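K.L.:
This is the structure, below, for whatever I ask next.
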Amino acid sequence: MWRLTPEGRKYLTEGLPERRLIEAIKNRPQEMGEAAKSMDFPIAIQWSKKNGWITVSGGKIFLTDSGHAALRERDPLQVAMAETERNGSTSREILNILLERKLIEEQKKTTEVSEITQLTPEIIKSGTWKNTSFRQYDPTAPAPVIHPGKKQAYRAFLDEVREELVALGFEEMTGPLVELAFYNLDALFVPQDHTARGMHDIYYVKDPKYGGIPRMNSSFLPKVKAAHENGGSTGSTGWRVPFSERESARLLLRSHGTSLSARWMMKQNIRAPGAYFAIARTFRPDRMDTTHMPEFNQLEGIVLDKDGNFRKILGLLSEFAKRIAGTDKVKFRPAYFPFTEPSVQGMVWHPGIKKWLEMLPAGMFRPELTAALGMKTPVMAWGIGIDRLFMVRENISDIRQLFSQDIGWLRNREVT
Amino acid sequence: MPTIEVSMNDLENLIGRKLPRDIEELNDVLQAAKGEAERIEGDRLTLSMEDKNRPDLWSVEGFALEMRGALGIGKGLPSVQMKKSNFTVKVDIGLRETRPYIAAAVVKGIKLTDEIIRGMMQTQDKIDGTYGRGRRKSSTGLYDSSMLAWPLSYGLGSPHENAFVPLGFEEKMTPADIIRKHPKGQEYGSLLASFQKWPIFKDSEGKVLSLPPVTNSADLGKITEATTDVLIEVTGTDWPTVSNVLRIMTVALAERGGQVFPVTIEYPYSVGGSRKLITPDFEPRKVKIKVDEINRLLGTELSGTQMGALLSKAHCKTRSKGNVLNVLAPAWRTDVMHWADIAEDIAIHHGYQKFEPIPPALPTVGAAAPKERYSDRVRELLIGLKMQEVLNFTLTNTNDLLKKMSMPAEKLIEIENPVSSEYSVLRNWLLPGLLRFLAANRIHDYPQKVFEVGDCVVTDTIAAERSRTVRKAAFAVTHDKVNFTEMKSEVESILRNLGVEWSISPQSHPSFIESRCGEIKVKGRAIGFLGEIKPEVLANWGMEMPVIAAEIDLETLAPQNAEQA
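Chains as they are written, first to last, in my numbering: chain L, 1 to 416; chain D, 1001 to 1565.
Laid out in structure tokens, this is it:
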């Protein structure tokens, strides 16, 4: 806060000296001696010259063109002093000039404040608030809208899902988006001539087309090959489809989170009891519409349990329905997946649309699969389309909303 | 999964029981054969077949047979009565290298209706497409057997001889013409293109029946409502598939009341250890199961007798021997690879709804992945800086990643079979996605502060995947008074809170204004950059508001988290 010095206040009423000087010589030049009689002459002559308003020639003071121009306008310093008197401040540049000329000073004491607008530390310290009233505010007046920083609505849901799984005792798996066919398909006992490996179901990498099976997992390759061709050691017939090791190295974009389960089962120290999950971004060649996206999220997981059985899978699915979909109404149907047997589809009742929805696909990993990967115990597995679950829960009809490009929607979405 | 359209009345007649018209109730019934009613319009039922490994269910006849067992109307191993016959097909030796296998059967005395014919065509199409792998492993042909002069020959011919009138056309065409002009020729010609001589199926008078696996003759290779005797022929490159498709098609027609006559195939080479085969063969598949193993897998306490009764509904015959159950499954059940497959049949006919779920009681300790925990910490800090989190695709395009960002050409992970050019490469940095987002939100209030923490994929010639998935964080701020210092303060506040020591040095980056860009280094390694976006780049995105932005590689920042399997 600023206020006028006594000198400033004097000039505010009388006018600045240089201003009075040019007013005086407005119509005719003046003798120096004559002008010097006025009280503030040194100041007047100094600032008039500095402003380029006057010239002195032969003992006479003449008004210049800029002097004439200045006379046609209100003096900016005068205006600024008036503003300071009124508001306690003015524009930064002029404030500096006024300070330099000692026409204003900082208002240190608030003794003169008659009404408090902004409560300041000075007011509190000095105690002036005791004798002053506060300016009245209108609490109903509109305030500007501000937006907090917050989680993306769908990410927030995925965070919740992660918390639920961790609370149940699951450890999280992560892995690469660009995947080898070995982990995404072969190790999962999907035969190499299966239609689900075609260009309509999987995104393949253009260049390079092939990677390499990491040495640490290469010992699994012959076992996987045997499982496909003749069932390996399991007594199964296998697919009886020739297995190409080259094809195992084909690079693709993972088409399900199950590739992570395959990777995990090949880990050195993995054994029962073990429970693992992943929230995996996965890819499929789908054209974008209200129900399809080229990439989506899957809640994938496995449980290694020496007593693992079909009823325990149903128990897991019921628990997921309760914790993630928020419903107790679940029913189970036979299903088919190339890597599980028995397989099951968990149907969840949606009260809004009054329909059973296929939400929870699961099963026991096939013995050909687990034996090739060295698993000694049954492995229960599931891969849930978590995107759809969120849509159902939040009543969202267009799946693209999950990756919303609308800041308005994200900002205004309630935190639930 | 295969979808077939059937008549509800026909299905009910075949099963011998009325079915519910309510779709939910209907599905509760059909689930026993893994069928799912998608819609009912009048008498038309669209039925989706869940099991990709059970082509025997992809005909209304096969599906009805399965349902009869499940409902207890006709249980046990079905027996297909075969009459004596002297039908023969002679095979040319040259086929060994092109399309070696053929199997055939004649079904006589059927009363075909338009509905049945349509159904057969549909089934043939689904089986050839999926189970037959686009007609490579197997493809099926149906003929009016009364018009043929036996024995038939499965031989080879030049693409320029053996002209015949193909289905859907009126003039004679050579096989070479058919490949060029006939729609089926254009679709399946690639299966023949690499061979000098092509398969040709003829009768003893030299009349052409078909050009397998492309198309049949319009004269002989067509069945109509007037046809009573049908020849089913299957050719292909995989004997188990070929012989199984024949079984499936034969059983379907036998279900319609036809009498089955086998066909002798005379091979000049050995097929399954023999040169003379009589097809179809309905020798049941034998599987040995152990009662205790099944109970352990299912969590049940069923006796061998109970299992036998349940399997009878799956058309299996069982003989109990203590803990061992000898199972005979129908010959067409090629999906039975292991006893686990039989276990599922037991579970299905026991009824999934009868299984009491066992709630999980995991003895394990849960934990989020270190990488995710680290990402969450960064996300919290960014939210603390009043930023709105956004979620973008990892799939994008070079226009967004490079051109709009004024970046020079760069090797990216590109998709071989994109559905849309919009989503054809994997992003290698996050910032373009944030600019795209901001550009789409010009009508909303400023300031706009956004961030994303997500995966990018960068090329890596050494890695097994020839690439690395890298977790990054990026943020961007836009309003009319943004400046470099504001961004620097924000970046530094994050780094300080993450407990790292950093330095920022001048960097020249194509997307940022020269001298208003800094490289962020931690322990001498570059982990990111920050700066003010070039007006040229803003113009590329159609933006008029200045933007400051930063991107940090969290993987390098926290190398202890790079613990991919």
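We treat Cβ as the ideally placed atom computed from N, Cα and C, and that holds for glycine. Please read all numbers here as calculations on a predicted model, not as lab measurements.
Does the contact criterion of 3 or more C-beta pairs under 8 Å hold for the region 1413 to 1422 of chain D versus the region 193 to 206 of chain L?
P.N.:
These segments touch.
K.L.:
Between the region 376 to 385 of chain L and the region 289 to 300 of chain L, do at least 3 Cβ pairs fall closer than 8 Å?
P.N.:
yes
K.L.:
Determine the direct distance from the alpha carbon of residue 343/L to that of residue 362/L, and round the result to whole angstroms.
P.N.:
Here the question's residue 362/L lines up with position 362 in the first sequence. Here the question's residue 343/L lines up with position 343 in the first sequence. Each residue's CA atom was taken as its position, placing residue 362/L and residue 343/L some 6 Å apart.
K.L.:
Would residue 1396/D pass as a contact of residue 1373/D if the rule is Cβ separation under 9 Å?
P.N.:
Position 396 of the second sequence, counted from the start, is the residue given in the question as residue 1396/D. Position 373 of the second sequence, counted from the start, is the residue given in the question as residue 1373/D. It is not a contact, given that the beta carbons lie outside the stated cut-off.
K.L.:
Please name the residue in 188/L, 38/L and 103/L whose C-alpha comes closest to that of residue 6/L.
P.N.:
Looking up residue 6/L in the first sequence gives position 6. With distances taken between Cα atoms, residue 6/L lies closest to 103/L.
K.L.:
Residue 1280/D to residue 1056/D, Cα distance in whole Å?
P.N.:
Within the second sequence, the letter at position 280 stands for residue 1280/D. Within the second sequence, the letter at position 56 stands for residue 1056/D. So the alpha carbons of these two residues sit roughly 14 Å apart.
K.L.:
Suppose you measure from the CA of residue 194/L to the CA of residue 1547/D; what does that come to, to the nearest Å?
P.N.:
Within the first sequence, the letter at position 194 stands for residue 194/L. Within the second sequence, the letter at position 547 stands for residue 1547/D. Approximately 49 Å, taken between the alpha carbons.
K.L.:
Taking only beta-carbon atoms, is residue 151/L less than 9 Å away from chain D?
P.N.:
Position 151 of the first sequence, counted from the start, is the residue given in the question as residue 151/L. For residue 151/L, the answer is yes, since a Cβ of chain D falls inside 9 Å of its Cβ.
K.L.:
Can you tell which of 1435/D, 1458/D, 1165/D and 1457/D has the C-alpha that lies nearest to the C-alpha of residue 1448/D?
P.N.:
Residue 1448/D sits at position 448 when you count from the first residue of the second sequence. Nearest of 1435/D, 1458/D, 1165/D and 1457/D to residue 1448/D, Cα basis: 1435/D.
K.L.:
Can you grab the Cα-Cα spacing for the pair residue 1247/D / residue 341/L, in whole Å?
P.N.:
Taking the second sequence and counting its residues from 1, one reaches residue 1247/D at position 247. Taking the first sequence and counting its residues from 1, one reaches residue 341/L at position 341. Rounded to whole angstroms, residue 1247/D to residue 341/L spans 25 Å at the Cα level.
K.L.:
Just checking: is the beta-carbon of residue 1469/D within a distance shorter than 9 Å of some beta-carbon in chain L?
P.N.:
Indexing the second sequence from 1 puts residue 1469/D at position 469. Yes, because at least one Cβ of chain L sits closer than 9 Å to the Cβ of residue 1469/D.
K.L.:
Strictly below 9 Å CB to CB, what residues from chain D border residue 331/L?
P.N.:
The sequence position of residue 331/L within the first sequence is 331, counting from 1. Near residue 331/L (Cβ distances below 9 Å), the residues of chain D are 1028, 1352 and 1353.
K.L.:
Helix, strand or coil: how does DSSP classify residue 140/L here?
P.N.:
Counted from its first residue, the first sequence places residue 140/L at position 140. Of the three classes helix, strand and coil, the one that applies to residue 140/L here is coil, per DSSP.
K.L.:
Determine, using beta-carbon pairs with one atom in the region 217 to 227 of chain L and one in the region 1469 to 1487 of chain D, whether at least three such pairs fall under 8 Å.
P.N.:
no
K.L.:
If residue 169/L sits next to residue 1241/D, beta carbons under 8 Å apart, how far is it from one beta carbon to the other, in whole angstroms?
P.N.:
Here the question's residue 169/L lines up with position 169 in the first sequence. Here the question's residue 1241/D lines up with position 241 in the second sequence. Their Cβ separation, rounded to whole angstroms, is 44 Å, which puts residue 169/L and residue 1241/D out of contact at 8 Å.
K.L.:
What residues are listed by DSSP as bridge partners for residue 1487/D?
P.N.:
What you label residue 1487/D is simply residue 487 of the second sequence in a count that begins at 1. None; residue 1487/D has no bridge partner.
K.L.:
Taking buried to mean at least 16 other C-beta atoms within 10 Å of its own C-beta, is residue 2/L buried or exposed?
P.N.:
Position 2 of the first sequence, counted from the first residue, corresponds to residue 2/L. Result: buried.
K.L.:
Can you have a look at residue 146/L and say buried or exposed, based on whether 16 or more other CB atoms are within 10 angstroms of its CB?
P.N.:
Taking the first sequence and counting its residues from 1, one reaches residue 146/L at position 146. Under this definition residue 146/L is an exposed residue.
K.L.:
Please state if the CB of residue 1145/D and the CB of residue 1106/D are separated by a distance shorter than 9 Å.
P.N.:
For the purposes of this step, residue 1106/D is taken as residue 106 along the second sequence, with counting starting at 1. For the purposes of this step, residue 1145/D is taken as residue 145 along the second sequence, with counting starting at 1. Yes, they are a contact pair.
K.L.:
Which two residues bound the contiguous beta strand (DSSP E) that contains residue 2/L?
P.N.:
For this step, residue 2/L is matched to residue 2 along the first sequence. Residue 2/L -> beta strand (DSSP E) spans 2 to 4.
K.L.:
If you count every other CB in all the chains shown that lies within 10 Å of the CB of residue 1183/D, and 16 or more means buried, which is it?
P.N.:
Here residue 1183/D refers to the residue found at position 183 when the second sequence is read from its first residue. Residue 1183/D is exposed by the Cβ-count criterion.
K.L.:
At the 9 Å Cβ level, is residue 167/L part of the contact set with chain C, yes or no?
P.N.:
Note that chain C does not occur in the displayed structure, where the protein chains are L and D.
K.L.:
Is there a C-beta anywhere in chain D that falls below 9 Å from the one on residue 406/L?
P.N.:
On the first sequence, position 406 is the one that residue 406/L refers to. Yes - at least one Cβ of chain D is within 9 Å of the one on residue 406/L.
K.L.:
What whole-angstrom Cβ distance do residue 1370/D and residue 1400/D have, given they're in contact under 8 Å?
P.N.:
The count along the second sequence starts at 1 and reaches residue 1370/D at position 370. The count along the second sequence starts at 1 and reaches residue 1400/D at position 400. The Cβ separation is near 31 Å, so there is no contact.
K.L.:
Nearest to residue 138/L by alpha carbon, out of 374/L, 238/L, 117/L and 239/L?
P.N.:
Your numbering for residue 138/L matches position 138 in the first sequence. Among 374/L, 238/L, 117/L and 239/L, the Cα nearest to that of residue 138/L belongs to 117/L.
K.L.:
With DSSP collapsed to three states, give me the class of residue 1562/D.
P.N.:
Counting from 1 along the second sequence, the entry for residue 1562/D is found at position 562. Only weak support exists for where residue 1562/D lies, its pLDDT of 45 falling under 50; the coordinates are left without a value.
K.L.:
Residue 1383/D versus chain L: which residues are under 9 Å apart at the beta carbon?
P.N.:
Within the second sequence, the letter at position 383 stands for residue 1383/D. Under the 9 Å cutoff, chain L gives 148, 149, 150 and 151.
K.L.:
Report the rounded CA-to-CA distance for residue 17/L versus residue 119/L, giving the unit in angstroms.
P.N.:
Numbered from 1 along the first sequence, position 17 holds the residue referred to as residue 17/L. Numbered from 1 along the first sequence, position 119 holds the residue referred to as residue 119/L. When rounded, the distance between both Cα atoms is 37 Å.
K.L.:
Using only the alpha-carbon positions, how far apart do residue 1116/D and residue 1256/D sit?
P.N.:
In the second sequence, residue 1116/D corresponds to position 116, counting from 1. In the second sequence, residue 1256/D corresponds to position 256, counting from 1. About 9 Å.
K.L.:
Under 7 Å between beta-carbons, which chain L residues line up against residue 1045/D? List them in chain order, please.
P.N.:
Here residue 1045/D corresponds to residue number 45 of the second sequence, with the count starting at 1. Within 7 Å Cβ-Cβ: nothing; residue 1045/D doesn't reach chain L, min ~18 Å.
K.L.:
Identify whether residue 1264/D lies in helix, strand or coil by the three-state DSSP scheme.
P.N.:
As a first step, residue 1264/D is located in the second sequence; it is residue number 264 there, counting from the start. Note: residue 1264/D maps to strand in three-state DSSP.
K.L.:
Can you list the beta strand (DSSP E) stretches of 3 or more residues lying completely in the region 1536 to 1562 of chain D, in chain order?
P.N.:
1547 to 1553
K.L.:
Name the chain D residues whose beta carbon is nearer than 7 Å to that of residue 356/L?
P.N.:
Your numbering for residue 356/L matches position 356 in the first sequence. 1024, listed in chain order.
K.L.:
Are the beta-carbon atoms belonging to residue 272/L and residue 308/L less than 9 Å from one another?
P.N.:
Counted from its first residue, the first sequence places residue 272/L at position 272. Counted from its first residue, the first sequence places residue 308/L at position 308. Result yes, Cβ atoms of residue 272/L and residue 308/L sit closer than 9 Å.
K.L.:
What does a CB cutoff of less than 6 Å around residue 1486/D pick up in its chain, not counting 5 residues either side in sequence?
P.N.:
Start at 1 with the first residue of the second sequence, and residue 1486/D comes out as number 486. Nothing meets the Cβ criterion.
K.L.:
In or out: residue 281/L buried (at least 16 other Cβ within 10 Å) or exposed?
P.N.:
Numbered from 1 along the first sequence, position 281 holds the residue referred to as residue 281/L. Buried: at least 16 other Cβ atoms inside 10 Å.
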